[in-house]
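Below is one structure; the comments refer to it alone.
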Amino acid sequence: MSRFVEPVTLTGAQWVSLEPLHRSHVPEIAAAAADVGELWFTSAPTPETAAAWVSRMQAMQDADEGVTYVIRRRADGLVVGSSSLFHVDAANRRLEIGHTWHAAAARRTGVNTEAKLVLLTHAFDELGCVAVEFRTHFFNQVSRAAIERLGAKLDGVLRSHQLLPDGSRRDTVVYSILDIEWPAVRNNLTFRLRRHS
């Protein structure tokens with residue numbers, strides 16, 4: 001049985017190259033994680049947890065439950081973050097893009113926009129997805145705004161969706177982009193990238 005989502009390298013036109021995560025990336029993940037800052041509402045690794053984080057993401061990939069990518073900035077070759085294709089539902093041609101984090105040095109550049117363009121192009125044009133989801137913590141206003149700028153539509157809020165390690169409960173905000181919306185979303189992302197050039 002073949003995998004719906006294969007671990008392949010994806011390359012943008014200017015800003016990023018996305019490489020399937022490998023255990024050899026631990027030092028680069030630790031270095032990038034040192035520049036993330038404190039974000040209590042997300043699961044970005046820290047330099048101290050980088051090895052465990054890579055092992056957890058690699059286990060997901062090994063179990064054919066998705067693919068995690070390191071985001072490498074093409075200008076200098078540095079790993080500046082990560083994003084995953086996961087919650088793969090091959091029978092219904094759906095998946096989620098998430099587990100995304102970026103080093104502070106990559107924020108407010110074309111890195112996130114082009115990474116999302118590359119991942120969405122792969123999902124819709126190569127895998128034939130009919131829908132791609134994005135989920136985030138209710139309190140992660142920065143992520144919610146970024147997802148909405150992509151052109152994703154709000155599907156709803158899953159209340160008390162997850163129990164977090166600190167004992168709090170996460171309300172999860174769910175967004176999606178449908179295949180019929182993809183051409184307009186692609187045009188929007190391409191336009192935004194031209195402004196970063």
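The sequence shown begins at 1 in the UniProt record's numbering and counts up one residue at a time.
For glycine and all other residues, C-beta sits at the position ideal for the given N, C-alpha and C.
Treat the numbers as computed from the prediction; the structure is a model and nothing was measured.
- With contact defined as three or more Cβ pairs closer than 8 angstroms, the stretch 24–38 and the stretch 128–135 are not in contact.
- Contact between the stretch 22–30 and the stretch 104–116 is absent: fewer than three C-beta pairs spanning the two stretches fall below 8 angstroms.
- In the DSSP assignment, GLY66 is bridged to PHE86.
- Under the Cβ criterion (8 angstroms, minimum of three pairs), the stretch 116–129 does not count as touching the stretch 47–54.
- The residue from LEU158, VAL8, ASP125 and ALA152 with its alpha-carbon nearest to that of HIS137 is LEU158.
- According to the DSSP secondary-structure assignment, ILE97 is paired through a beta bridge with LEU85.
- Less than 9 angstroms separates the beta-carbon of THR68 from that of HIS99.
- Per DSSP, the unbroken alpha helix (DSSP H) holding GLU114 starts and ends at 111–121.
- In this structure, GLY66 is the residue among ASN188, THR172, GLY66 and ASP179 with its C-alpha nearest to the C-alpha of ARG3.
- Nearest to ASN140 by C-alpha distance, out of TRP101, LEU127 and VAL54, is TRP101.
- Leaving aside the five residues that flank THR190 on each side, the residues in its chain whose CB is nearer than 8 angstroms to its CB run, in chain order, LEU117.
- In the structure shown, ILE177 falls within a strand segment according to DSSP collapsed to helix, strand and coil.
- Between the C-alpha atoms of ALA44 and ASP89 there is a straight-line separation of about 24 angstroms.
- The C-beta distance from GLY151 to ALA184 rounds to 7 angstroms, short enough to meet the 8 angstroms contact threshold.
- If you check the CB distance, ARG149 and ARG195 do not come in under 9 angstroms.
- Going by DSSP, GLN162 is part of the beta strand (DSSP E) stretching over 153–163.
- Under the three-state reduction of DSSP, THR190 is assigned to helix.
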